[in-house]
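Each residue of the sequence shown is one higher than the one before, starting from 1 at the first, in the UniProt record's numbering. Remarks on the structure that follows.
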Amino acid sequence: MHFSSRTVARGVLALFAIAIMFASHMLAGVPPVAALTGIINDDGVDVGDEWTLPGDDGTPGDPGSPGSGWWLGPYRPQIPRDLALAYCVARIIPPGWCAALMPTAPTPPEPELPDLTFADVAHVVPQSPTLITQPNGWSVVGVETNLIALIQTHIVTTRVFGREVDVRFTPIRYDWAYGDGVSGTTDVPGAKWSSLGVAEFARTPTSHRYSLAVAVTPHVDVTYAVDYRWADSSWRDIAGTLSRGDDAPVVFLQNADTVLVTGPCGPNRNAVGCG
Numbered sequence: 001m002h003f004s005s006r007t008v009a010r011g012v013l014a015l016f017a018i019a020i021m022f023a024s025h026m027l028a029g030v031p032p033v034a035a036l037t038g039i040i041n042d043d044g045v046d047v048g049d050e051w052t053l054p055g056d057d058g059t060p061g062d063p064g065s066p067g068s069g070w071w072l073g074p075y076r077p078q079i080p081r082d083l084a085l086a087y088c089v090a091r092i093i094p095p096g097w098c099a100a101l102m103p104t105a106p107t108p109p110e111p112e113l114p115d116l117t118f119a120d121v122a123h124v125v126p127q128s129p130t131l132i133t134q135p136n137g138w139s140v141v142g143v144e145t146n147l148i149a150l151i152q153t154h155i156v157t158t159r160v161f162g163r164e165v166d167v168r169f170t171p172i173r174y175d176w177a178y179g180d181g182v183s184g185t186t187d188v189p190g191a192k193w194s195s196l197g198v199a200e201f202a203r204t205p206t207s208h209r210y211s212l213a214v215a216v217t218p219h220v221d222v223t224y225a226v227d228y229r230w231a232d233s234s235w236r237d238i239a240g241t242l243s244r245g246d247d248a249p250v251v252f253l254q255n256a257d258t259v260l261v262t263g264p265c266g267p268n269r270n271a272v273g274c275g
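See the structure below:
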């Protein structure tokens, strides 16, 4: 038996139409009780569709969910996926459940966050310390002058490679130049006598005793460890450190003598030890 290409094309269309009608009934959850027919003749293709839907004593069957046709019900797993997909493709406006059968493009992976270097954050400037002394701006030869570097861990938010990043500066070392040729290093910034709970002119981890009544300018350099954090990620270290400094001039009282008193000395004050 010989079929022309036109006849074969009609046959394919017939089979496709039969599949769509079969899918429509199956997706509605109504089993067919009659078969679909398709006949190829000399002039075209005859497609027959005879279905008997079950009812109750001649009454209509279940109308389905309100507001939707019987063919718009949810996809049923017992329906072959290929058949259901063919049904969805053939519909001009497919029902919502067809979306679950349609192939979707894979979500591209998030680009890996790069490791930063000091060159990447060179535009980020940390805070500089403020150097203060006790007594404030003056002292006495032969007693302890308390030096304090006011600085704390701080975070600067910036953008690198078009993305927001937090850069954190943590003080880890304090290098002191007392201005009289003597220097020292501590891992603490110093604190006021009252905060330390000691008497005025007491020795502290950051105090220095001057031996000459010559004006000096002590200086402190604070060294920072640096790390950074991309949004929703953990902190990462940047290899290396950087430093910022400050100074505070100190003058000395001439011919000052130190005495022990029980309170401040001044006019009309009778504190023990006041002359």
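All C-beta atoms, glycine included, are put in the ideal place defined by N, C-alpha and C. Model, not experiment: these values are computed from the prediction.
Output the distance between the C-alpha atoms of residue i and residue j, rounded to the nearest integer angstrom.
{"i": "Arg173", "j": "Pro205", "result": "13 Å"}
{"i": "Gln152", "j": "Pro171", "result": "7 Å"}
{"i": "Pro109", "j": "Asp187", "result": "44 Å"}
{"i": "Val160", "j": "Asp175", "result": "31 Å"}
{"i": "Ile79", "j": "Ala231", "result": "46 Å"}
{"i": "Thr104", "j": "Ser233", "result": "29 Å"}
{"i": "Val140", "j": "Phe118", "result": "43 Å"}
{"i": "Leu196", "j": "Thr107", "result": "58 Å"}
{"i": "Ala215", "j": "Leu113", "result": "53 Å"}
{"i": "Ala213", "j": "Val182", "result": "15 Å"}
{"i": "Thr217", "j": "Gly184", "result": "15 Å"}
{"i": "Arg81", "j": "Tyr87", "result": "10 Å"}
{"i": "Asp83", "j": "Val89", "result": "Position check: residue 83 holds Leu in this sequence, whereas Asp was assumed. Looking at the two C-alpha atoms, the distance is approximately 10 Å."}
{"i": "Met102", "j": "Ala225", "result": "53 Å"}
{"i": "Leu85", "j": "Ala99", "result": "10 Å"}
Thinking just about the alpha-carbon of each residue, which of the options is nearest to the one in residue i?
{"i": "Leu253", "options": "Trp138, Thr104 and Leu83", "result": "Trp138"}
{"i": "Asp227", "options": "Pro106, Thr104 and Ile155", "result": "Ile155"}
{"i": "Gly240", "options": "Thr223, Ile93 and Leu212", "result": "Thr223"}
{"i": "His219", "options": "Cys88, Leu150, Phe201 and Asp166", "result": "Leu150"}
{"i": "Leu111", "options": "Pro94, Arg163, Asn136 and Pro103", "result": "The sequence shown places Pro at residue 111, rather than the Leu named in the question. Nearest of Pro94, Arg163, Asn136 and Pro103 to Pro111, Cα basis: Arg163."}
{"i": "Asp166", "options": "Leu101, Thr133, Glu200 and Val124", "result": "Val124"}
{"i": "Arg203", "options": "Ile132, Ser195, Ala213 and Asn146", "result": "Asn146"}
{"i": "Gln134", "options": "Gly184, Arg229, Leu242 and Val198", "result": "Val198"}
{"i": "Thr157", "options": "Ala248, Ile238 and Arg229", "result": "Arg229"}
{"i": "Tyr194", "options": "Cys88, Ile148 and Gly96", "result": "Rather than Tyr, the amino acid found at residue 194 in this sequence is Ser. Of Cys88, Ile148 and Gly96, the residue nearest in Cα terms is Ile148."}
{"i": "Val143", "options": "Gly96, Phe201 and Met102", "result": "Phe201"}
{"i": "Leu131", "options": "Ser211, Lys192 and Phe169", "result": "Lys192"}
{"i": "Pro249", "options": "Ile238, Asn136 and Arg168", "result": "Asn136"}
{"i": "Ile238", "options": "Ala177, Asp247, Phe169 and Ser211", "result": "Phe169"}
{"i": "Asp246", "options": "Ala225, Ala177 and Ser211", "result": "Ala177"}
{"i": "Ser211", "options": "Val251, Leu242 and Ala225", "result": "Val251"}
Does the Cβ-Cβ distance between residue i and residue j come in under 9 Å?
{"i": "residue 280", "j": "Gly190", "result": "Outside the displayed range of the chain (1 to 275) lies residue 280, so it cannot be described from this structure."}
{"i": "Asp120", "j": "Arg236", "result": "no"}
{"i": "Arg244", "j": "Gln127", "result": "yes"}
Of all the CB atoms in chain C, is at least one closer than 9 Å to the CB of residue i?
{"i": "Ala231", "result": "The displayed structure is made up of one protein chain only, and chain C is not part of it."}
Under the three-state reduction of DSSP, which class applies to residue i: helix, strand or coil?
{"i": "Gly96", "result": "helix"}
{"i": "Ala149", "result": "strand"}
{"i": "Arg168", "result": "strand"}
{"i": "Gly235", "result": "Residue identity differs from the one stated: residue 235 is Trp in this sequence, not Gly. Of the three classes helix, strand and coil, the one that applies to Trp235 here is coil, per DSSP."}
{"i": "Ala86", "result": "helix"}
{"i": "Arg81", "result": "helix"}
{"i": "Gln134", "result": "strand"}
{"i": "Ala177", "result": "strand"}
{"i": "Val250", "result": "strand"}
{"i": "Thr186", "result": "strand"}
{"i": "Arg203", "result": "coil"}
{"i": "Gly240", "result": "strand"}
What residue does the alpha helix (DSSP H) around residue i start on, and which one ends it?
{"i": "Arg91", "result": "Looking at the DSSP string, Arg91 is not in any alpha helix (DSSP H), and its letter there is neither H nor E."}
{"i": "Leu196", "result": "Trp193 to Leu196"}
Where do the N-terminal and C-terminal ends of the beta strand (DSSP E) with residue i fall, by residue?
{"i": "Trp230", "result": "His219 to Trp230"}
{"i": "Gly181", "result": "No beta strand (DSSP E) contains Gly181, which DSSP labels as neither H nor E."}
{"i": "Ser211", "result": "Here Ser211 belongs to no beta strand (DSSP E), and DSSP marks it neither H nor E."}
{"i": "His154", "result": "His154 to Val160"}
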